[in-house]
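Novice: Handing you a structure now.
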């Protein structure tokens with residue numbers, strides 16, 4: 513990049529939205545975890561699709577690499593530059609363009625913060641079908657680009673099902689308008705799915721249309737303690753049968769994770785210490801019916817011995833307190849020093865075995881090996897901490913954990929994506945033929961390889 517490129521960017525945007533100083537660009541060069549850092553000297557902050565298109569067209573002509581960035585809350589190094597790529601931040605693309613209460617469809621720019629969109633939808637009796645611990649800072653475009661899962665995938669499904677349309681800008685600057693807001697559109701290839709989960713390697717998502725369910729009138733949250741993981745599995749299976757249509761979330765936390773969040777952040781659990789915990793949320797339209805159904809379920813589980821203790825929260829303030837015990841675990845783990853984060857999916861038959869085998873393998877070498885996550889969709893968040901980064905520990909984890917996951921036909925990334933950190937391990941989850949086809953698609957969409965390079969696809 514030259515000074516002439518900077519002048520071109522300033523003519524497309526304005527000088528105030530072109531950051532070139534070291535101090536001004538530093539936060540865009542480092543991920544939330546503080547584990548990866550790039551060296552970009554230029555951060556661009558467009559306001560609309562036209563500006564994004566002009567930026568990418570110039571970068572294509574000059575063969576300048578691009579790093580698209582939303583809220584920068586990713587955990588696999590996908591949202592920061594590896595070298596000196598030009599960062600294109602969507603933080604100023606914050607317009608919520610339309611909310612249709614009749615169809616339940618919202619259309620917005622990609623830089624809208626997830627929580628802000630949810631607040632806007634609440635005024636129309638709707639909600640975003642996605643809930644994440646980072647909802648206060650992550651962008652909807654980043655959520656779509658990483659196919660984020662979250663706490664309520666069990667109820668509402670993945671973004672491949674709820675995103676109706678996407679507008680994206682290709683590396684050439686060409687705008688691909690697939691921004692349908694129809695729930696049924698069976699014409700040709702459904703191109704939007706290529707952008708969902710591609711992590712900015714095929715194009716930069718600029719606008720999104722998403723189907724938003726009705727906001728529930730009744731929400732209940734139960735925090736349970738259980739003696740062993742077998743009881744967790746039995747309780748989850750029973751919840752699907754007995755709570756049925758009102759079950760909206762089913763999370764699990766092991767004792768080590770709960771200890772970490774209470775010790776490192778000073779949060780208090782309303783239950784006495786046990787080996788495992790579960791968060792079960794119900795949401796519906798009839799408070800009396802839902803409460804009765806949940807209470808009957810809990811009574812059965814406690815009588816059978818699977819659940820040893822529990823508390824139910826109906827007040828939003830109390831629910832928020834309990835949810836913090838789950839949502840702030842990632843934050844609490846960083847207090848230990850360095851955190852090796854893994855996001856895998858496994859069959860329930862071997863779900864917690866991933867924690868057990870890693871504890872045995874790393875005994876005496878690490879501070880903690882803990883697990884928590886979305887048992888409702890088989891998504892384990894496995895975390896290992898040490899006082900500081902250790903290559904010896906890393907070599908003990910990778911590729912051993914990926915081999916374990918692959919042997920059980922799981923996925924090495926359940927919802928965080930591959931980004932920079934996991935790209936060279938994709939073969940543990942995808943066949944050679946699938947990876948070859950992905951590379952061919954990358955060449956079609958981005959023949960110069962300038963869109964978020966060194967991410968998702970393996971080096972060789």
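Numbering (my numbering), first residue to last: 513 to 972. Backbone N, C-alpha and C fix where the C-beta goes; we use that ideal spot for every residue, glycine too. Source: prediction; values computed, not measured.
1) Beta strand (DSSP E) containing residue 736: first to last residue?
2) Going straight from the alpha carbon of residue 570 to that of residue 858, what length do you get?
3) Just verifying my parser: in three-state terms, what is the DSSP assignment at residue 650?
4) Classify residue 698: buried if its beta carbon has 16 or more other beta carbons within 10 angstroms, exposed otherwise.
5) For residue 585, which residues in the same chain have their Cβ closer than 6 Å to its Cβ, ignoring the five residues on either side in sequence?
6) When the distance is taken between beta carbons, is residue 710 closer than 8 Å to residue 968?
7) Alpha carbons only, please: which of 758, 817, 784 is nearest the one belonging to residue 796?
8) Just to confirm the assignment, what range does the alpha helix (DSSP H) spanning residue 525 have?
9) Can the beta-carbon of residue 717 be found closer than 8 Å to that of residue 623?
10) Smallest Cα separation from residue 722: which of 972, 928, 677?
11) Could you tell me which uninterrupted alpha helix (DSSP H) segments, each at least 4 residues in length, are contained entirely in the region 615-691, listed from first to last along the chain?
12) Who pairs with residue 963 in a beta bridge, going by DSSP?
13) Is it buried or exposed for residue 661, if we count other Cβ within 10 angstroms and need 16 for buried?
14) How should residue 778 be labelled, buried or exposed, when 16 other C-beta atoms within 10 angstroms of its C-beta is the threshold for buried?
15) Give every residue of the same chain whose Cβ lies closer than 8 Å to the Cβ of residue 971, excluding the five residues on either side of it in the sequence, and list them in chain order.
16) Among 783, 926, 802, which one has its Cα closest to the Cα of residue 837?
17) Spatial neighbours of residue 807 within its chain, please: C-beta separation below 8 Å, excluding the five flanking residues on both sides.
18) Across the region 840-857 and the region 883-898, are there enough close Cβ pairs to call them in contact, namely three or more that are closer than 8 Å?
19) In whole angstroms, give me the CA-to-CA distance for residue 848 and residue 587.
20) Do you know whose CA, among 604, 620, 601, 603, lies nearest residue 610's CA?
21) Within the 8 Å Cβ cut-off, does residue 582 reach chain C?
22) Under the rule that 16 or more other beta-carbon atoms within 10 Å means buried, what is residue 884, buried or exposed?
23) Is the separation between the beta-carbon of residue 599 and that of residue 555 shorter than 8 Å?
24) Per DSSP, residue 822 forms a beta bridge with which residues?
25) In the structure shown, what three-state DSSP assignment does residue 901 receive?
26) Taking 8 Å as the threshold (C-beta atoms), are residue 617 and residue 629 in contact?
27) From what residue to what residue does the beta strand (DSSP E) around residue 851 run?
28) If you reduce the DSSP assignment to three classes, tell me which class residue 701 lands in.
29) When you compare each of 959, 532, 953 to residue 706 by their alpha carbons, which one comes out closest?
30) Hey, out of 786, 856, 955, 724, whose CA is closest to residue 771's CA?
31) By Cβ distance below 8 Å, which residues in the same chain neighbour residue 666 in space, the five residues on each side in sequence not counted?
32) Look up residue 542 in the DSSP assignment and give the residues it is bridged to.
33) Any idea what DSSP makes of residue 533, helix, strand or coil?
34) List in chain order: all unbroken alpha helix (DSSP H) runs of 4+ residues lying wholly within the region 906-931.
Specialist: Let me lay it out:
1) Residue mapping note: residue 736 aligns to position 224 of the chain shown, counting from 1. It spans 730-738 - the beta strand (DSSP E) in which residue 736 sits, taken as one unbroken run.
2) Start at 1 with the first residue of the chain shown, and residue 570 comes out as number 58. Start at 1 with the first residue of the chain shown, and residue 858 comes out as number 346. Taking the straight line from one Cα to the other gives about 44 Å.
3) Translated into positions along the chain shown, residue 650 becomes position 138. In the structure shown, residue 650 sits in coil (DSSP, three-state: anything other than H, G, I, E or B).
4) Residue numbering aside, residue 698 sits at position 186 when the chain shown is read from its first letter. Flag for residue 698 reads exposed.
5) By 1-based counting over the chain shown, the position of residue 585 is 73. Counting only Cβ-Cβ distances below 6 Å, and skipping sequence neighbours, we find 544, 646, 649, 650.
6) Position 456 of the chain shown, counted from the first residue, corresponds to residue 968. Position 198 of the chain shown, counted from the first residue, corresponds to residue 710. Closer than 8 Å, so yes.
7) Your numbering for residue 796 matches position 284 in the chain shown. Comparing Cα positions, the closest option is 758.
8) Position 13 of the chain shown holds residue 525. Looking at the DSSP string, residue 525 is not in any alpha helix (DSSP H), and its letter there is neither H nor E.
9) Position 205 of the chain shown, counted from the first residue, corresponds to residue 717. Position 111 of the chain shown, counted from the first residue, corresponds to residue 623. No.
10) Locating residue 722 in the chain shown gives position 210, counting from the first residue. For the residues 972, 928, 677, the minimum Cα distance to residue 722 belongs to 677.
11) 626-634, 652-658, 665-668, 671-674
12) On the chain shown, position 451 is the one that residue 963 refers to. 578.
13) Sequence index remark: in the chain shown, residue 661 carries index 149 (1-based). Buried: at least 16 other Cβ atoms inside 10 Å.
14) In the chain shown, the residue the question calls residue 778 occupies position 266. So residue 778 ends up on the exposed side.
15) Counting from 1 along the chain shown, the entry for residue 971 is found at position 459. For residue 971, where only same-chain residues beyond five positions count, the Cβ hits under 8 Å are 935, 936.
16) Within the chain shown, the letter at position 325 stands for residue 837. When each option's Cα is compared against that of residue 837, the closest is 783.
17) As a first step, residue 807 must be located in the chain shown, where it is residue number 295. Closer than 8 Å at Cβ, skipping near neighbours: 824.
18) yes
19) Along the chain shown, one-based indexing puts residue 848 at 336. Along the chain shown, one-based indexing puts residue 587 at 75. When rounded, the distance between both Cα atoms is 17 Å.
20) Taking the chain shown and counting its residues from 1, one reaches residue 610 at position 98. Answer by Cα proximity: 620.
21) Although the question refers to chain C, the structure presented lacks it and comprises just one protein chain.
22) Looking up residue 884 in the chain shown gives position 372. The residue is buried, with at least 16 neighbouring Cβ atoms inside 10 Å.
23) Numbered from its first residue, the chain shown carries residue 599 at position 87. Numbered from its first residue, the chain shown carries residue 555 at position 43. Yes, they are a contact pair.
24) For the purposes of this step, residue 822 is taken as the residue at position 310 of the chain shown. According to DSSP, residue 822 bridges with 736.
25) Along the chain shown, read from residue 1 onward, the residue named residue 901 stands at position 389. In the structure shown, residue 901 sits in coil (DSSP, three-state: anything other than H, G, I, E or B).
26) Indexing the chain shown from 1 puts residue 629 at position 117. Indexing the chain shown from 1 puts residue 617 at position 105. Not closer than 8 Å, so no.
27) Within the chain shown, numbered from 1, the residue matching residue 851 stands at position 339. Per DSSP, residue 851 belongs to the beta strand (DSSP E) from 850-857.
28) Here residue 701 is taken as the residue at index 189 of the chain shown, counted from 1. Correct three-state label for residue 701: coil.
29) To locate residue 706, count along the chain shown from 1; it is residue 194. Checked all of 959, 532, 953; the closest Cα to residue 706 is 953.
30) Mapped onto the chain shown, residue 771 falls at position 259. Looking at the Cα atoms, 786 is the closest of the given residues.
31) In the chain shown, residue 666 corresponds to position 154, counting from 1. Excluding sequence neighbours, residue 666 sits near 759, 760, 761, 762, 886, 888, 889.
32) The residue you call residue 542 lines up with position 30 of the chain shown. Per DSSP, 549.
33) Working through the chain shown from its first residue, we reach residue 533 at position 21. The answer is coil: DSSP assigns residue 533 none of H, G, I, E or B.
34) 912-919
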